[in-house]
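Please read the structure below before turning to the comments.
Residue numbers (the working numbering), protein chains in the order written: chain R, 1 to 425; chain E, 426 to 954.
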């Protein structure tokens with residue numbers, strides 16, 4: 001049987017379904033562009049849910065992300081964040097968080113300082129914006145307020161006792177409590193399943209009834225991130241009414257609810273905004289050439305061919321498949337874009353895993369100009385139609401810098417603006 | 426200063442590898458009480474840094490008939506007495522195009538001289554047995570090679586000795602010196618490397634089974650008769666099992682000439698590099714690339730294989746002059762020194778040798794020590810089976826998964842998904858495994874199980890097991906997080922040289938977890954704003 005080919009026309013083809021790709025689609029629709037987006041990666045499910053801008057440089061935490069950005073522009077002008085002015089970074093985060101709110105997921109408005117968000121093992125992390133379900137934990141920690149910390153029988157990788165012990169120095173008065181999740185007793189439990197159970201009134205009432213007798217002096221109750229999947233702010237409000245205390249979520253090991261929420265939110269919300277989204281398909285080839293760009297995909301039932309005026313590459317790094325490697329070199333997988341090599345494989349990683357300078361391989365990637373056009377070996381723009389954004393970009397170490405969302409959102413913003421400017425001539 | 430923690434025993438054994446734990450068990454079987462100590466923990470040296478091959482002897486047949494025959498006898502014995510530690514998978518030797526045909530032609534005769542069964546195979550028969558072999562096979566022979574789990578073996582040695590007469594195992598105790606009076610060691614002065622506490626052990630006899638560190642320990646007692654050369658051997662572990670049996674290259678020993686299965690994985694080895702310090706050995710990228718290139722000549726599939734880890738051991742090799750001049754030569758492979766020529770009457774050193782002959786080394790050493798103690802009980806390790814124990818079975822790749830599926834207990838959460846190690850396995854290790862009477866840690870549990878050894882290399886399971894240890898009250902301070910950080914940092918030495926291809930995304934995810942989610946890189950920086 002001959003396979004059918006479906007053709008899609010768009011102004012912009014976004015390749016990648018991570019934070020950068022989703023942000024780019026949001027921004028492009030905001031500028032009135034027709035958008036088709038494809039990708040196959042579930043890596044967004046690995047996020048904590050926090051939107052970092054820039055929290056650390058070479059192992060030192062920064063309270064003021066804007067001062068950190070200024071430092072970056074002085075010391076690392078090739079860094080993707082250093083290429084985007086503060087006003088644009090603010091506008092990008094503002095537009096992104098507004099879009100998330102519009103789709104039903106509340107985030108705090110970016111401020112002048114980083115928040116010190118809670119981590120599952122008791123540390124704090126500098127970040128720009130957190131889900132509203134996680135904000136009261138920061139307030140409670142800063143106020144050293146008495147709190148009950150919950151975990152659940154059969155839940156992996158989150159221990160209320162561990163959280164309490166490792167927080168005790170700065171936040172005494174935490175009381176760990178283990179509960180059996182209603183209806184899931186005597187078995188392994190998963191955050192995603194618990195979150196869906198809490199979307200029903202019966203689920204909320206059953207858990208609240210278990211928590212209430214233990215409240216004591218605690219005004220806050222912290223629990224792993226399980227307060228519903230689709231409308232966590234509503235679930236939290238309902239649970240708070242039932243319990244009579246303020247609730248907050250703590251991120252957990254992946255695959256965790258905050259990341260799944262974001263993925264499901266975009267998969268629902270973007271098509272509603274008019275984005276033609278193929279979230280399970282990997283682009284197999286991109287043809288730039290003269291005229292419009294073509295992106296080719298092989299689906300299970302049909303082939304898809306996207307014709308677009310511009311292509312944004314937001315394919316991520318090794319985990320998402322944007323970068324690949326063999327024993328000798330690191331390469332970009334879709335177009336073979338040049339990746340500057342730091343020498344032999346021995347130079348990829350430092351001997352010290354946790355060293356503040358990190359590993360050279362984390363800074364490898366696709367080099368771009370100020371409009372986020374990938375550059376060829378000769379330093380010239382590869383193609384006017386091609387842009388790149390997100391973790392794929394060279395010159396950043398998003399994990400150590402606590403800059404993942406910042407790099408994704410700011411570079412997507414700048415690339416989409418350059419695309420919109422060009423298409424409008 | 427407070428008085429040191431003190432112990433008394435008949436025999437102090439220094440070094441908890443195969444030989445030291447074998448000496449402990451041998452002596453316990455003769456009714457002699459022992460304390461076994463190690464500056465780190467079980468199998469911290471060469472006993473844990475090898476491919477787990479139980480030699481048929483064929484490897485040595487062409488060059489050293491005596492050692493070959495010794496390996497044959499010992500491996501036949503261990504297959505009978507410790508079957509739960511052994512996979513009697515068989516082995517083959519193959520020559521490929523370009524290898525010396527003369528060496529291959531002499532092989533059957535050399536095996537016959539050492540009494541090793543050796544069956545000629547056609548290249549087609551060899552490929553039928555081992556489909557991973559390439560088209561370039563020109564000669565092949567089947568021999569009775571097998572594999573042995575050195576971790577389980579040592580756990581069983583120690584567990585048996587403990588059960589026989591309450592002989593004691595103390596990890597993390599480092600020897601700092603000896604009290605010597607009138608040609609006798611009256612006490613061994615040690616330090617607990619974790620608490621910093623001084624430890625004094627009074628023993629009637631002291632056995633130095635410190636492997637590559639034996640020369641250093643002998644010097645501390647004033648004995649200058651032990652002379653060692655240190656040979657670093659690097660190996661790499663694949664994500665899946667590649668061969669059904671041991672696959673050897675039929676040529677004089679060289680890099681990348683052996684692939685040994687270990688449960689669900691395979692281990693490719695080995696390089697050999699002389700180093701000056703046994704304590705500072707790490708696998709390097711160059712060694713990994715060399716053994717991979719050589720191995721691929723015999724097994725082309727290795728070019729596409731995913732490797733999860735490299736590791737190395739430092740073999741203590743005897744220099745001829747030292748062994749001949751001062752030591753009493755027990756065999757070509759190992760040496761037992763009674764140190765009489767050095768003026769100490771209750772001290773013995775055993776070193777050199779190989780995993781396959783550990784029992785024989787222990788027997789010769791225990792014979793000397795028992796004689797000195799006036800104990801006339803005969804050695805029983807050549808006839809007494811190693812008793813197994815429930816807490817000792819978690820080091821074999823695949824064992825935890827089989828157990829978990831067989832029990833199908835929904836409440837028994839799996840902590841390590843790569844290797845399917847469940848909470849119940851950790852509970853059992855905490856309760857009963859040798860060393861459990863001591864303070865346990867993530868690292869100690871990893872040594873006694875497969876945790877941290879699967880595809881994620883500790884990316885996920887280090888965090889899950891740490892949380893569980895907090896739940897169990899094993900950890901009760903921020904030190905548990907520091908232990909997790911140290912564990913991950915130490916594992917990285919073996920992870921780093923094999924990061925390419927399919928293993929690199931795994932490492933990237935692990936870094937996002939360890940740093941992004943756990944903040945381990947900036948732990949301790951969380952000051953008040």
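No residue lacks a Cβ here, since even glycine has one placed at the ideal position from N, Cα and C. Since the model is a prediction, treat every value here as computed from it, not as a measurement.
### Query
Just checking my contact of residue 148 of chain R with residue 235 of chain R at CB under 8 Å: how many whole Å lie between their CB atoms?
For the purposes of this step, residue 148 of chain R is taken as residue 148 along the first chain, with counting starting at 1. For the purposes of this step, residue 235 of chain R is taken as residue 235 along the first chain, with counting starting at 1. Contact doesn't hold; Cβ gap of about 18 Å is too wide.
### Query
Can you name, in chain order, every residue of its own chain whose Cβ lies under 8 Å from the Cβ of residue 742 of chain E, other than the five neighbours on each side?
The residue you call residue 742 of chain E lines up with position 317 of the second chain. Only 653, 654, 655, 656, 777 meet the Cβ criterion.
### Task
Could you tell me whether the Cβ of residue 326 of chain R comes closer than 8 Å to any Cβ of chain E?
One-based indexing of the first chain puts residue 326 of chain R at position 326. Closer than 8 Å to some Cβ of chain E, the Cβ of residue 326 of chain R qualifies, so yes.
### Query
If the cut is a Cβ gap below 7 Å, which residues of chain R does residue 930 of chain E touch?
Taking the first residue of the second chain as position 1, residue 930 of chain E is located at position 505. Per Cβ cutoff of 7 Å: 318, 319.
#### Entry: Among R:247, R:318, R:44, the one whose alpha carbon lies nearest that of residue 133 of chain R
On the first chain, residue 133 of chain R is found 133 positions in, with the first residue counted as 1. Comparing Cα-Cα distances from residue 133 of chain R to each of R:247, R:318, R:44, the minimum goes to R:247.
### Segment limits, beta strand (DSSP E) that includes residue 378 of chain E
Nothing can be reported for residue 378 of chain E, as the shown portion of chain E is limited to 426 through 954.
### Query
Helix, strand or coil for residue 764 of chain E per DSSP?
For this step, residue 764 of chain E is matched to residue 339 along the second chain. Coil at residue 764 of chain E, not helix or strand.
### Start-to-end residues for the alpha helix (DSSP H) that takes in residue 710 of chain E
Taking the second chain and counting its residues from 1, the one referred to as residue 710 of chain E is at position 285. Residue 710 of chain E -> alpha helix (DSSP H) spans 710-723.
### Query
Secondary structure at residue 505 of chain E, three-state DSSP: helix, strand or coil?
If you number the second chain from 1, residue 505 of chain E lands on position 80. Three-state result, residue 505 of chain E: helix.
### Query
Can you find a heavy atom of the ligand FMN that lies under 7 Å from the Cβ of residue 77 of chain R?
Absence of the ligand FMN from the depicted structure is noted, as is the absence of any ligand whatsoever, leaving it without description.
### Query
Within the 8 Å Cβ cut-off, does residue 159 of chain R reach chain E?
Translated into the one-based positions of the first chain, residue 159 of chain R becomes position 159. Yes, because at least one Cβ of chain E sits closer than 8 Å to the Cβ of residue 159 of chain R.
### Task
Apply the 10 Å Cβ neighbour rule to residue 343 of chain R and answer buried if 16 or more other Cβ atoms are within range, or exposed otherwise.
Sequence index remark: in the first chain, residue 343 of chain R carries index 343 (1-based). When all chains shown are included, residue 343 of chain R counts as exposed.
### Task
Please check the pair residue 672 of chain E and residue 716 of chain E, which I expect to be a contact at CB under 8 Å, by giving their CB distance rounded to whole angstroms.
Indexing the second chain from 1 puts residue 672 of chain E at position 247. Indexing the second chain from 1 puts residue 716 of chain E at position 291. About 13 Å; that fails the 8 Å criterion.
### Query
Is any beta-carbon of chain E found at less than 8 Å from that of residue 251 of chain R?
One-based indexing of the first chain puts residue 251 of chain R at position 251. For residue 251 of chain R, the answer is yes, since a Cβ of chain E falls inside 8 Å of its Cβ.
### Message
Excluding the 5 residues flanking residue 938 of chain E on each side, which residues of the same chain have their C-beta closer than 8 Å to its C-beta?
### Response
In the second chain, residue 938 of chain E corresponds to position 513, counting from 1. Correct list, in chain order: 884, 885, 888.
### Task
Kindly indicate which residue of R:15, R:135, R:399, R:338 has the alpha-carbon position closest to the one of residue 379 of chain R.
Counted from its first residue, the first chain places residue 379 of chain R at position 379. The shortest Cα separation from residue 379 of chain R among R:15, R:135, R:399, R:338 belongs to R:338.
### Message
Residues of the stretch 186-199 of chain R in Cβ contact with chain E at a cutoff of 8 Å, in chain order, please.
### Response
186, 187, 188
### Task
With residue 138 of chain R as the anchor, note down where its alpha helix (DSSP H) starts and where it stops.
Position 138 of the first chain holds residue 138 of chain R. Where residue 138 of chain R is concerned, the enclosing alpha helix (DSSP H) stretches over 135-143.
### Query
Over what stretch of residues does the beta strand (DSSP E) that includes residue 606 of chain E continue unbroken?
Taking the second chain and counting its residues from 1, the one referred to as residue 606 of chain E is at position 181. Counting along the chain, the beta strand (DSSP E) containing residue 606 of chain E begins and ends at 598-606.
### Range of the contiguous alpha helix (DSSP H) that encloses residue 657 of chain E
Counting from 1 along the second chain, the entry for residue 657 of chain E is found at position 232. Here residue 657 of chain E belongs to no alpha helix (DSSP H); instead the beta strand (DSSP E) covers 653-663.
### Message
Give me the chain R residues within the contact set of residue 925 of chain E, using Cβ-Cβ distance strictly less than 7 Å, ordered along the chain.
### Response
Translated into positions along the second chain, residue 925 of chain E becomes position 500. Those within 7 Å of residue 925 of chain E in chain R are 325, 326, 327, 345.
### Task
Just the C-alpha distance for residue 420 of chain E and residue 636 of chain E, rounded to the nearest angstrom, thanks.
One cannot answer for residue 420 of chain E here, as it falls past the ends of chain E, which runs 426 to 954.
### Message
Any beta carbon from chain E within less than 8 Å of residue 40 of chain R's own beta carbon?
### Response
The count along the first chain starts at 1 and reaches residue 40 of chain R at position 40. Judged by the 8 Å Cβ criterion, residue 40 of chain R is not in contact with chain E.
### Query
Can you give the Cα-Cα distance for residue 346 of chain R and residue 49 of chain R, rounded to whole angstroms?
Walking along the first chain from the start, residue 346 of chain R turns up at place 346. Walking along the first chain from the start, residue 49 of chain R turns up at place 49. Cα to Cα, residue 346 of chain R sits roughly 34 Å from residue 49 of chain R.
### Task
Return the bridge partner residues of residue 387 of chain R from the DSSP annotation.
In the first chain, counting from the first residue as 1, residue 387 of chain R sits at position 387. Answer is R:312, bridged to residue 387 of chain R.
### chain E within 8 Å of residue 214 of chain R, Cβ atoms only
To locate residue 214 of chain R, count along the first chain from 1; it is residue 214. No, residue 214 of chain R does not count as interfacial toward chain E.
### Query
chain R partners of residue 759 of chain E, CB-CB under 7 Å?
For this step, residue 759 of chain E is matched to residue 334 along the second chain. Within 7 Å Cβ-Cβ: nothing; residue 759 of chain E doesn't reach chain R, min ~34 Å.
### Message
If distances are taken between C-alpha atoms only, which option among R:252, R:387, R:259, R:398 comes closest to residue 933 of chain E?
### Response
For the purposes of this step, residue 933 of chain E is taken as residue 508 along the second chain, with counting starting at 1. In terms of Cα proximity to residue 933 of chain E, the closest of R:252, R:387, R:259, R:398 is R:398.
### Query
Looking at the unbroken beta strand (DSSP E) that takes in residue 284 of chain R, where does it start and where does it end?
Numbered from its first residue, the first chain carries residue 284 of chain R at position 284. For residue 284 of chain R, the enclosing beta strand (DSSP E) covers residues 283-287.
### Task
Check each candidate in E:624, E:458, E:925 and name the one with the smallest Cα separation from residue 361 of chain R.
Here the question's residue 361 of chain R lines up with position 361 in the first chain. Checking every option, the nearest Cα to that of residue 361 of chain R belongs to E:925.
### Task
Below 7 Å between beta carbons is the criterion; list the residues of the stretch 54-78 of chain R that meet it against any residue of chain E, in chain order.
56, 59, 61, 63
### Task
Select from E:890, E:831, E:740 the residue whose C-alpha is nearest the C-alpha of residue 912 of chain E.
Residue numbering aside, residue 912 of chain E sits at position 487 when the second chain is read from its first letter. Residue 912 of chain E has its Cα closest to that of E:890, out of E:890, E:831, E:740.
### Query
Does residue 413 of chain R get closer than 8 Å to chain A when you measure Cβ to Cβ?
Looking at the structure shown, chain A is missing, and the protein chains on hand are R and E.
### Task
Compute the distance between the beta-carbons of residue 570 of chain E and residue 481 of chain E, then report whether it is under 8 Å.
For the purposes of this step, residue 570 of chain E is taken as the residue at position 145 of the second chain. For the purposes of this step, residue 481 of chain E is taken as the residue at position 56 of the second chain. For residue 570 of chain E and residue 481 of chain E, yes; Cβs fall inside 8 Å.
### Task
Can you tell me which of E:723, E:782, E:760, E:783 puts its alpha carbon nearest to the alpha carbon of residue 555 of chain E?
Sequence index remark: in the second chain, residue 555 of chain E carries index 130 (1-based). Of E:723, E:782, E:760, E:783, the residue nearest in Cα terms is E:723.
### Message
When you compare the CB of residue 881 of chain E with every CB in chain R, is at least one pair closer than 8 Å?
### Response
Residue 881 of chain E sits at position 456 when you count from the first residue of the second chain. No, residue 881 of chain E does not count as interfacial toward chain R.
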